[in-house]
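Taking the numbering used here, the leading residue of the sequence shown gets 4, the next gets one more, and so forth.
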Amino acid sequence: MKIIHVLDHLPYYHQKGGGAERAAYNIIKLLEKNKYQNIALTLPPDQTPPAGINIDIKSLKIQEKIIGWKLSFKKRIFNFDIFIFFQILRILKKERPDKIHLYNIPIISFAPILAAWFLKIPVYYFIYDYWSICVAQLLTYQDKEICHEYNGKKCLNCVKPKNFSEKLNVKWRKIIHNFFLKKVTKFITLSEASKQVMIEAGFNINNVSVVRLIVEDLNRINKNMQANKILYTGWLQQRKGLHVIIKALPEIIKKHPNAELTILNLHETPEYREYINNLISQYNLNKNIKWQAKISREEFEKILGETGIVVIPEQWPNMSPVILLESMSASKAIVASNIGGLPEFIDNGVSGYIAKHDSSENFAQKISDLLNNPKKIKLFGENARKKFEENFNQETIFQQLLKTYEPSVV
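This is the structure:
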């Protein structure tokens, strides 16, 4: 079977990208392992992949002007790139794939959906963020509260369009997006919570399936665990919730002065970084915090291996953070927000703790409880590992993927 994968950025070929791109890459490698033929359509690479990384890719060129006329205006309104459409149509006619997988495509746009529809090729859209149904992508209103508007009228007050074309994009977004999304064969989400979101947004329950996230098994790294070490890894943005942990630290340190928080900064918003720095100074936490940024995969694995507790204080309904499953595979105790798909992965009080997402006090209580009992940290980690082995191994996920290929029963 031949599958074409479409995504803006591909790990090892592009510098830009995060957990969603890694998830797409892992799907490609899983199918390759099972003898599927894979082709990736993506933006032109901006770096050379290391030795051993070899994926059949075809670059899609972005054209911003035609006869001196900027195309970005129409693209912003319709989220459709006519030049990408013809490039993909030509590739599909030549390659004749059995199926098309879509991942994060805000730059490539909905062009592959229409091209596949013309040629009657089934399209499977992997929902790794909520760009398709939320202009802010996060299902939050002004970064403060969970929103269920789904490309509705309230969105104009949330994103505050800067110009006329952006205003039209928001105003017409639901109609335009639904025109394309109704042509998708099946949506694939990472959690039952995310599946429910798509159903609430108006999509047929029979056309939404759950295929869990594939991550590298990191069982090998759990060698030098130190119970007092706490790890946060992720972007420095309001939605990721580091401020919740910083505000919890003073209470934790009162009982456990040697507690150490490592912040692995993958990317930052300058304003939010300044806010975090101010909180650290306000609470005099510098000696209990260690910063890391731009580290290698080997360095990350070493840090995770030494960690006792991993904190995931998401403030938006994240469907399945990569670090959550990586931590489970590495036998780590986890304290995570009660939001999005996170509670599906943690048996509260057995393999980790679920805390109220916006409550520093609740996070402080859960983390302190673990620091009070290092044996519980070890036990929670072992239980997390067991759940990972039983539910999130590659064979189980491959079978989930195969099941999505079965015709829907309406």
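Yeah, the Cβ is synthetic: ideal placement off N, Cα and C, and Gly gets one too.
Predicted model only: the values in this text are computed from it and were never measured.
Taking all protein chains shown into account, P47 has fewer than 16 neighbouring C-beta atoms within 10 Å of its C-beta and is therefore exposed. A distance of 8 Å or more separates the beta carbons of I58 and I233. Partner residues in the beta bridge of Y235, as assigned by DSSP, are I266.
Taken in chain order, the complete alpha helix (DSSP H) segments of 4 or more residues contained in the segment 276-335 are 300-309, 325-332.
Assigned with DSSP and collapsed to three states, S135 falls in coil, not helix or strand.
By the Cβ-count criterion, K19 is exposed, with fewer than 16 other Cβ atoms from all chains shown falling within 10 Å of its own Cβ. Rounded to the nearest whole angstrom, the CA to CA distance from Q403 to N289 is 45 Å. Bounds of the beta strand (DSSP E) holding V126 are 126-129. Only exposed fits W294, as fewer than 16 other CB atoms lie within 10 angstroms of its CB. Judged by DSSP in its simplified three-state form, H180 adopts helix.
Rounded to the nearest whole angstrom, the CA to CA distance from Y127 to N394 is 23 Å. Here Q368 has no same chain residue with a Cβ atom under 7 Å from its own Cβ, once five neighbours each way along the sequence are excluded. For G311, the closest alpha carbon among the candidates I60, S340, T265, D350 is that of T265. Looking at the backbone, the Cα of L245 and that of E98 are separated by about 46 Å.
In terms of Cβ geometry, T407 and I191 form a close pair [threshold 8 Å]. Of the other Cβ atoms in all chains shown, fewer than 16 fall within 10 Å of the Cβ of G55; this residue is therefore exposed. Out of I255, F383, N37, A333, the CA that lies nearest to the CA of D220 is found in A333. A Cβ-Cβ separation of about 17 Å leaves S354 out of contact with E317 under the 8 Å criterion. Take S194, set aside five residues on each side of it, and the residues of its chain with a beta-carbon closer than 6 Å to its own are M322, S323, G344, E347, in chain order. Within its own chain, the residues whose Cβ lies closer than 8 Å to the Cβ of N261, once the five positions on either side in sequence are excluded, are N231, listed in chain order. Boundaries for L193: no alpha helix (DSSP H) harbours it, and the DSSP string shows neither H nor E there. In terms of Cβ geometry, V138 and N160 do not form a close pair [threshold 8 Å].
Contact between A296 and N268 holds: their C-beta atoms lie close to 4 Å from each other, under 8 Å.
8 Å or more divides the Cβ of R300 from the Cβ of L239. Residue pairing for Y356: DSSP places it in a beta bridge opposite V338. DSSP, read as helix, strand or coil, puts N41 in strand. Ranked by Cα distance from N41, the first of D101, K96, I87, F81 is D101. For H259, no beta strand (DSSP E) encloses it, and the DSSP letter there is neither H nor E.
Between V9 and I108, the C-beta spacing is below 8 Å. Put simply, the backbone Cα of F89 is about 14 Å away from that of K61. Membership of K61 in the beta strand (DSSP E) is indicated by the continuous run 60-62. Between the alpha carbons of I30 and N396 lies a gap of roughly 13 Å. 8 Å or more divides the Cβ of L92 from the Cβ of F129. Linking N375 to F383 through their CA atoms gives a straight-line distance of about 14 Å. By the beta-carbon neighbour count (other beta carbons within 10 angstroms, threshold 16), T51 is exposed. Its Cα nearest to that of Q66, the residue I110 stands out among F167, R223, I110.
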